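Data first, discussion second: the structure below is written as structure tokens.
Protein chains: 4
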Amino acid sequence: MSSTVKDMLATYPADLGDIDQAKLTRCIEECIACAQACTACADACLSEGMVSELAKCIRTDMDCAATAAVLSRHTGYDADITAAILKACAMVSTSCADECGRHADMHEHCRICVEACRSCEQACNKLLGTLG
Amino acid sequence: MSSTVKDMLATYPADLGDIDQAKLTRCIEECIACAQACTACADACLSEGMVSELAKCIRTDMDCAATAAVLSRHTGYDADITAAILKACAMVSTSCADECGRHADMHEHCRICVEACRSCEQACNKLLGTLG
Amino acid sequence: MSSTVKDMLATYPADLGDIDQAKLTRCIEECIACAQACTACADACLSEGMVSELAKCIRTDMDCAATAAVLSRHTGYDADITAAILKACAMVSTSCADECGRHADMHEHCRICVEACRSCEQACNKLLGTLG
Amino acid sequence: MSSTVKDMLATYPADLGDIDQAKLTRCIEECIACAQACTACADACLSEGMVSELAKCIRTDMDCAATAAVLSRHTGYDADITAAILKACAMVSTSCADECGRHADMHEHCRICVEACRSCEQACNKLLGTLG
């Protein structure tokens with residue numbers, strides 16, 4: 045999977061502009077993993093006994109999955125758009141990590157999701173840091 | 045379509061919190077219309093004779109459609125997440141309106157898309173203004 | 045909203061092939077309305093008291109929203125792909141209407157969602173019927 | 045990435061029904077990789093000199109990415125829905141592999157995309173085969 049992202053960016057026929065290609069690759073990989081973890085966490089929460097206590101967690105998971113998915117298709121051709129999406133993604137994955145963190149000691153899927161969200165947030169912030 | 049969004053929010057079984065429900069409804073409607081216009085504009089651009097000159101327009105359309113779609117499923121249960129997504133959406137739809145605006149006198153689909161993006165941007169900013 | 049879909053297809057710069065343009069427009073409109081109703085229904089279900097009894101309804105809503113959204117961006121340029129997506133969409137919206145129908149007398153959002161799913165299913169089947 | 049999908053399914057709190065869990069995991073992984081390859085291929089095509097010749101490839105890529113993404117969030121709780129989505133996904137990834145295959149000797153991104161689409165198609169068909 046990781047190699048698909050990297051291989052595809054390596055075959056890109058045009059200049060990717062000033063964007064840091066290694067950090068963009070990493071950010072896309074982390075966003076895909078985060079979207080997948082959030083999607084799976086929302087679905088696992090739905091199967092827990094006390095779903096109503098997890099309703100906010102499910103919503104945050106779904107918002108985070110949707111936001112991270114936006115970045116997965118982005119090539120950073122426009123710094124303003126890239127920055128706007130990265131900021132939203134970093135913020136939503138932080139909120140999702142916080143919310144999942146409240147249930148991480150009870151639910152293993154929440155614990156894994158926290159890690160994926162934190163990695164995504166860091167990758168977004170590292171790429172944001174290069175956009176000046 | 046508009047009525048579906050309004051009807052569904054009217055049947056919502058829980059408190060939607062402090063969020064302005066009329067402005068949220070309007071914002072979701074505009075985001076859906078914007079996502080649809082951007083998707084159709086990208087597809088129409090692909091059928092124009094000079095596609096390569098429209099490559100940035102196609103990319104902006106697709107980023108804007110994806111970002112606007114995130115909001116279409118959001119109920120504003122968390123002000124931080126709502127604000128983060130609204131900011132990204134307002135910014136990306138502004139960029140998309142600007143980019144489509146460069147071709148609006150040549151391509152009718154770009155002209156329609158500009159209008160949808162500007163309406164979306166305004167609805168996002170109006171809702172953002174109520175979040176304090 | 046309806047008019048955006050129609051206006052955009054009217055400005056389409058290329059031949060849309062043999063596909064029935066009125067039925068395609070209607071189908072896209074119904075898919076967008078269905079996706080929106082399913083998304084809102086899933087979210088409303090999450091706020092009901094007995095969420096665990098609605099877990100299957102929430103999952104069906106989300107699968108239906110995702111499937112219907114695929115069609116919203118499709119221009120029917122390839123009859124095989126159009127048919128494959130239409131079949132999946134008709135089938136998933138039937139399943140979703142059935143599932144929501146089980147709760148339609150208790151939950152108004154499920155009742156509205158049934159209607160949107162049935163309209164979507166019919167529009168998909170009508171377009172499928174023209175593909176030969 | 046692969047391990048995220050597997051780890052999350054391993055923590056799933058409920059019975060996943062009669063579905064073959066290993067084949068479901070593999071299918072979701074291949075769908076995610078395929079969606080990503082198609083998204084990147086569409087974007088790379090947009091940067092090639094002769095975009096208009098690649099317009100169909102870009103559209104097929106986008107339809108395939110959207111269809112494969114539907115499956116990435118599905119847990120196979122309903123055999124009818126699973127089968128409907130798998131059939132669509134297998135068919136669209138076949139079409140996309142065929143279309144990308146026409147440009148695979150000229151464009152490395154198309155060649156990589158063919159492989160991802162074929163793997164996705166096979167994983168979908170293998171899982172379909174177990175659904176009886």
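Chains as they are written, first to last, in this note's numbering: chain A, 45 to 176; chain B, 45 to 176; chain C, 45 to 176; chain D, 45 to 176.
Glycine included, each C-beta is placed from N, C-alpha and C at the ideal position.
Computed from a predicted model, the values in this text were never measured in an experiment.
Asked: Minimum Cβ-Cβ distance from Thr-83 of chain D to chain C less than 8 Å; Found: no
Asked: Beta-carbon neighbours of His-153 of chain B, restricted to chain C and to distances below 7 Å; Found: Met-52, Thr-55
Asked: Cutoff 8 Å: His-118 of chain B Cβ touching any chain A Cβ; Found: yes
Asked: Cα-Cα separation, Ala-86 of chain D to Arg-103 of chain D; Found: 8 Å
Asked: Contacts around Lys-170 of chain B, its chain only, beta-carbon distance under 6 Å, and the 5 residues preceding and following it disregarded; Found: Lys-67
Asked: Beta-carbon proximity check, Met-106 of chain D vs Arg-146 of chain C, cutoff 8 Å; Found: no
Asked: Spatial neighbours of Ala-148 of chain A in its chain, beta-carbon cut-off 7 Å, leaving aside the 5 residues before and after; Found: Cys-154, Arg-155, Val-158
Asked: Neighbourhood of Arg-70 of chain A by C-beta distance below 7 Å, restricted to the same chain and skipping five residues each side; Found: Ala-167
Asked: Three-state class that DSSP yields for Ala-141 of chain B in the structure shown; Found: helix
Asked: Near-chain A residues of the segment 85-99 of chain D - C-beta to any C-beta below 9 Å; Found: Cys-85, Ala-86, Asp-87, Ala-88, Cys-89, Leu-90, Ser-91, Glu-92, Gly-93
Asked: Minimum Cβ-Cβ distance from Ile-76 of chain C to chain B less than 8 Å; Found: yes
Asked: DSSP three-state assignment for Gly-173 of chain B, whether helix, strand or coil; Found: helix
Asked: Where Ala-54 of chain D falls, given that 16 or more other Cβ within 10 Å makes a residue buried; Found: exposed
Asked: Contacts around Lys-8 of chain D, its chain only, beta-carbon distance under 6 Å, and the 5 residues preceding and following it disregarded; Found: The question about residue 8 of chain D has no answer, for chain D in this structure spans 45 to 176.
Asked: Test: Ala-58 of chain B CB closer than 8 Å to a CB of chain C; Found: yes
Asked: Within 8 Å, strictly: CB atoms of Leu-175 of chain B and Ala-127 of chain B; Found: yes
Asked: Beta-carbon proximity of Ala-109 of chain A to Cys-82 of chain A, cut-off 8 Å; Found: yes
Asked: Contact with chain D by Val-136 of chain A, beta-carbon distance below 8 Å; Found: no
Asked: Backbone CA spacing between Ile-72 of chain D and Val-136 of chain D [nearest angstrom]; Found: 16 Å
Asked: Whole-angstrom C-beta distance between Ala-84 of chain C and Met-52 of chain B, which should lie under 8 Å; Found: 4 Å
Asked: Between the CA atoms of Cys-101 of chain B and Gln-65 of chain B - distance to the nearest angstrom; Found: 33 Å
Asked: Contact set for Ile-125 of chain B: own chain, Cβ-Cβ below 8 Å, skip 5 residues either direction; Found: His-118
Asked: Simplified DSSP state of Cys-168 of chain A, which is helix, strand or coil; Found: helix
Asked: Residues that Arg-146 of chain D contacts on chain B, provided the C-beta gap is smaller than 8 Å; Found: Within 8 Å Cβ-Cβ: nothing; Arg-146 of chain D doesn't reach chain B, min ~17 Å.
Asked: Whole-angstrom distance between Tyr-56 of chain C and His-151 of chain B, CA atom to CA atom; Found: 10 Å
Asked: Endpoints, the alpha helix (DSSP H) within which Arg-70 of chain C is located; Found: 65-90
Asked: Simplified DSSP assignment, three categories, for Arg-146 of chain C; Found: coil
Asked: 8 Å Cβ cut-off: residues of chain C touching Val-49 of chain B; Found: Gln-80, Ala-84
Asked: Collapsed DSSP secondary structure at Met-94 of chain C in the structure displayed; Found: coil
Asked: Proximal chain D residues relative to Ile-102 of chain B, where beta-carbon distance stays under 7 Å; Found: Leu-90
Asked: Contacting residues, own chain, Cβ-Cβ under 6 Å from Leu-172 of chain A (five flanking each side not counted); Found: Leu-130
Asked: C-alpha gap between Cys-140 of chain A and Ser-163 of chain A, whole angstroms; Found: 12 Å
Asked: DSSP three-state assignment for Thr-104 of chain D, whether helix, strand or coil; Found: helix
Asked: 8 Å contact criterion, which Thr-111 of chain A and Val-114 of chain B should meet: CB distance rounded; Found: 6 Å
Asked: Contact set for Met-45 of chain A: own chain, Cβ-Cβ below 6 Å, skip 5 residues either direction; Found: A caution first: Met-45 of chain A carries a pLDDT of 47, below 50, which makes its placement in the model too unreliable to give a value.
Asked: Rounded straight-line distance, which links the Cα of Val-95 of chain D to that of Glu-165 of chain C; Found: 35 Å
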